[in-house]
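Residue numbers (UniProt numbering): 1 to 532.
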């Protein structure tokens, strides 16, 4: 009995593809690339890799406005994280990304795995994480659901970061009715790495073994990438199984095992299994290197019996990495991960034909071109137009507001607003002194950290005023960059680089796309003016 009969996979057609999340033209494009219809496993992988979350198909064109090169930039966009020079051989590796949808469905785990994912992006490149930050948005606190989300998200951030051992040194939080049922949870991490110890996501060397390391694969997070690309509805509770489950203690073990391995010459490349899991890591590594890979999926360590090839490829279980090893060093790598009580299993090899081939007990169950899925996803030039609501905002005259009088009472009410009141209740839950490098504590304009072995420090800040962006996206985009730069500058530091995390609605809506385009225009101009 073949795999497709054994696991009772359904047939594939346009209707099935659209139910998974592909558009009609995308499905036809996939068929043209393959010269045939994809099978069910292939369709699942294509849907994940071509999702908005993985492919940036609506935003890629506009993100190119941002400056990405300078003499101090070691690595710009295109890798797990950006890297800049700090002092001689010492470099800072950093990134920020969102975990909004999972945090609405399951606040604690959604926020916790957001922290875990961003930490892995940093130490995948050889950097030891030295700080974390966050940027949060919730609905009004007079709403029970908003309070539930706030409690869960803050607890998740604290639970993961504190147990992992990274200081959460700063961030921001804002409350407004527009975030009701639509919380924003953005996680930032920064690590330090020596310039000559940076690792990249490469799959080079025909015949080199591919090694799966870290936690076992479960069914959590399946379709997480496509879920993160969708609009939410009242049925979102049914998506709870799509939320990943994090284990900060296992991630700490994975960190130490990876950094120990990186002191050797045993590996060629390394990639975190993030969105789309094993699919994204294998396809991206092969595509970047112009190679192919062959995976034997029955060798993947699993924590649930009966897992199918489809589930294994699309699982987003946490605390996992994919390594490309130098041939002959497999046992030495296993010894390191055995010491840290982590799985390390050879699951495939590098090939030279440009395809990702998936096997199950020697039967080939999928064959897809790496570059077509990782780099050649459809890129859209979305239509955009200023919405009518924006014109109404422009017509508003502040002089039309009557003098309310009673200023002492108004001032007292303003100061009691959660957006102005102290956020100490939030950041006191975060360990901001672990590693003993924090100089400026939470509550300051920006966080400041010492860099051991250097006379320089690192200042970090996360800022954006959503009201400004709503009223005037172009000026709001500029203001977000400038506010963060000023917060860094008043600590005595010079702004050197920016990492963005843009939280917008459905790009297929012209008004939303207009907001995105204008905001990125403003951000790009501010970055160029500041040379960041």
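Here a beta-carbon is modelled for each residue, glycine too, at the ideal position from N, C-alpha and C.
Neighbour-count burial assignment, residue 443, 16 or more Cβ in a 10 Å radius
Position 443 of the chain shown, counted from the start, is the residue given in the question as residue 443. That one is exposed.
Can you tell which of 212, 208, 244 and 214 has its C-alpha closest to the C-alpha of residue 223?
Position 223 of the chain shown, counted from the first residue, corresponds to residue 223. Ranked by Cα distance from residue 223, the options 212, 208, 244 and 214 are led by 244.
Return the CA-CA distance between residue 511 and residue 436, expressed in angstroms with no decimal places.
On the chain shown, position 511 is the one that residue 511 refers to. On the chain shown, position 436 is the one that residue 436 refers to. C-alpha of residue 511 to C-alpha of residue 436: approximately 46 Å in a straight line.
Who are the Cβ neighbours of residue 462 in its own chain at under 8 Å, not counting the five residues just before and after it?
Residue mapping note: residue 462 aligns to position 462 of the chain shown, counting from 1. These residues qualify, in order along the chain: 96, 133, 134, 135, 170, 171, 172, 186, 188 and 484.
Anticipated Cβ contact below 8 Å, residue 286 with residue 203, distance rounded
Here residue 286 corresponds to residue number 286 of the chain shown, with the count starting at 1. Here residue 203 corresponds to residue number 203 of the chain shown, with the count starting at 1. Indeed, because the Cβ distance is near 5 Å, the residues count as touching under 8 Å.
Starting from residue 523, follow the alpha helix (DSSP H) in both directions and report where the run begins and ends.
Sequence index remark: in the chain shown, residue 523 carries index 523 (1-based). 510–530 is the extent of the alpha helix (DSSP H) around residue 523.
Would DSSP call residue 178 helix, strand or coil?
The residue given as residue 178 occupies position 178 in the chain shown. Residue state, collapsed to three classes: helix.
Can you tell me the Cα-Cα spacing of residue 124 and residue 110, whole angstroms?
For the purposes of this step, residue 124 is taken as the residue at position 124 of the chain shown. For the purposes of this step, residue 110 is taken as the residue at position 110 of the chain shown. Distance between residue 124 and residue 110, taken at the CA atoms: about 21 Å.
What distance in whole Å lies between the Cβ atoms of residue 254 and residue 319, which are believed to be in contact at a cut-off of 8 Å?
Translated into positions along the chain shown, residue 319 becomes position 319. Translated into positions along the chain shown, residue 254 becomes position 254. Rounded to whole angstroms, the Cβ separation of residue 319 and residue 254 is 5 Å, and the two are in contact under 8 Å.
Report the partner residues of residue 438 according to the DSSP bridge assignment.
Stepping through the chain shown from its first residue, residue 438 is reached at position 438. Paired residues: 449.
Excluding five sequence neighbours on each side, which residues of the same chain lie with their C-beta closer than 7 Å to the C-beta of residue 451?
Indexing the chain shown from 1 puts residue 451 at position 451. If we look at residue 451 and ignore the five residues flanking it on each side, its Cβ neighbours are 86, 87, 90, 192, 457 and 458.
Using alpha carbons as the reference points, say which of 308, 137 and 101 lies closest to residue 465.
What you label residue 465 is simply residue 465 of the chain shown in a count that begins at 1. When only C-alpha atoms are compared, the closest one is 137.
Residue 102 and residue 531 closer than 9 Å at C-beta:
Locating residue 102 in the chain shown gives position 102, counting from the first residue. Locating residue 531 in the chain shown gives position 531, counting from the first residue. In this structure, residue 102 lies away from residue 531, with their beta-carbon atoms at least 9 Å apart.
At least 3 beta-carbon pairs within less than 8 Å: the stretch 312–330 vs the stretch 210–222
With a cut-off of 8 Å on Cβ pairs, the stretch 312–330 is in contact with the stretch 210–222, counting three or more such pairs.
Considering only DSSP beta bridges, list what residue 133 is partnered with.
Stepping through the chain shown from its first residue, residue 133 is reached at position 133. Paired residues: 170 and 188.
CB residue 181 to CB residue 104, shorter than 9 Å?
As a first step, residue 181 is located in the chain shown; it is residue number 181 there, counting from the start. As a first step, residue 104 is located in the chain shown; it is residue number 104 there, counting from the start. Residue 104 is positioned such that its CB atom lies closer than 9 Å to that of residue 181.
Exposure label - residue 433; buried when at least 16 CB within 10 Å:
Looking up residue 433 in the chain shown gives position 433. When all chains shown are included, residue 433 counts as exposed.
Any alpha helix (DSSP H) of 4 or more consecutive residues that is wholly inside the stretch 353–397:
For the stretch 353–397, whole alpha helix (DSSP H) runs of length 4 or above, ordered along the chain, are 370–374 and 388–395.
Terminal residues of the alpha helix (DSSP H) in which residue 288 lies:
By 1-based counting over the chain shown, the position of residue 288 is 288. Secondary structure note for residue 288: its alpha helix (DSSP H) is the uninterrupted segment 277–289.
Under 9 Å between the Cβ atoms of residue 121 and residue 92?
On the chain shown, residue 121 is found 121 positions in, with the first residue counted as 1. On the chain shown, residue 92 is found 92 positions in, with the first residue counted as 1. No, they are not a contact pair.
Let's test the definition: count the other Cβ atoms within 10 Å of the Cβ of residue 430 and tell me whether it reaches 16, buried, or not, exposed.
Counting from one through the chain shown, the residue named residue 430 turns up at place 430. By the 16-neighbour rule on beta-carbons within 10 angstroms, residue 430 is buried.
Could you tell me which residues DSSP pairs with residue 321 in its beta bridges?
In the chain shown, counting from the first residue as 1, residue 321 sits at position 321. DSSP, once it has assigned bridges, lists 213 and 272 as partnering residue 321.
Classify residue 401: buried if its beta carbon has 16 or more other beta carbons within 10 angstroms, exposed otherwise.
Translated into the one-based positions of the chain shown, residue 401 becomes position 401. The residue is exposed, with fewer than 16 neighbouring Cβ atoms inside 10 Å.
Cutoff 6 Å; reference residue 220; Cβ partners in own chain excluding five residues on either side:
Within the chain shown, numbered from 1, the residue matching residue 220 stands at position 220. Same-chain partners within the cutoff: 244, 245 and 317.
Output the distance between the C-alpha atoms of residue 346 and residue 112, rounded to the nearest integer angstrom.
As a first step, residue 346 must be located in the chain shown, where it is residue number 346. As a first step, residue 112 must be located in the chain shown, where it is residue number 112. Looking at the backbone, the Cα of residue 346 and that of residue 112 are separated by about 29 Å.
Could you spell out the range, first to last residue, of the alpha helix (DSSP H) harbouring residue 405?
Numbered from 1 along the chain shown, position 405 holds the residue referred to as residue 405. Residue 405 -> no alpha helix (DSSP H), and no H or E assigned at all.
For residue 53, count neighbouring Cβ atoms within 10 angstroms of its own Cβ and tell me buried if that reaches 16, exposed if not.
Along the chain shown, read from residue 1 onward, the residue named residue 53 stands at position 53. That one is buried.
Which residue marks the beginning of the alpha helix (DSSP H) containing residue 8, and which one marks its end?
For the purposes of this step, residue 8 is identified with residue 8 of the chain shown, where counting begins at 1. Where residue 8 is concerned, there is no enclosing alpha helix (DSSP H), given that its DSSP letter is neither H nor E.
Separation of residue 79 from residue 482, as counted between CA atoms
Against the chain shown, residue 482 aligns to sequence position 482. Against the chain shown, residue 79 aligns to sequence position 79. Computed Cα separation, rounded: 26 Å.
Going by beta-carbon coordinates alone, are residue 492 and residue 520 separated by less than 9 Å?
One-based indexing of the chain shown puts residue 492 at position 492. One-based indexing of the chain shown puts residue 520 at position 520. Going by C-beta atoms, residue 492 is not nearer than 9 Å to residue 520.
Would you list the one or two residues that DSSP bridges to residue 95?
What you label residue 95 is simply residue 95 of the chain shown in a count that begins at 1. Answer is 189, bridged to residue 95.
Inspect the CB distances between the stretch 346–363 and the stretch 20–33 and report whether three or more fall short of 8 Å.
Taking a cut-off of 8 Å on C-beta distances, the stretch 346–363 does not touch the stretch 20–33, as fewer than three cross pairs fall below it.
Output needed for residue 507: all residues of its chain with C-beta closer than 6 Å, excluding positions within five of it in sequence on either side, in chain order.
For the purposes of this step, residue 507 is taken as the residue at position 507 of the chain shown. Residues of the same chain with a CB within less than 6 Å of the CB of residue 507, apart from the 5 flanking positions on each side, are 58, 382 and 513 in chain order.
Alpha carbon to alpha carbon, how far is residue 10 from residue 528? Give it in angstroms, no decimals.
Taking the chain shown and counting its residues from 1, one reaches residue 528 at position 528. Taking the chain shown and counting its residues from 1, one reaches residue 10 at position 10. In this structure, the alpha-carbon of residue 528 lies about 51 Å from that of residue 10.
Quick check on this structure: which residue in 448, 162 and 177 has the alpha carbon closest to the alpha carbon of residue 139?
Within the chain shown, residue 139 is the residue found at index 139, counting from 1. The shortest C-alpha separation from residue 139 is found at 177.
Pick out whichever of 504, 159 and 130 has its Cα sitting closest to the Cα of residue 190.
For this step, residue 190 is matched to residue 190 along the chain shown. Distances from the CA of residue 190 to each of 504, 159 and 130 were compared; the closest alpha carbon is that of 130.
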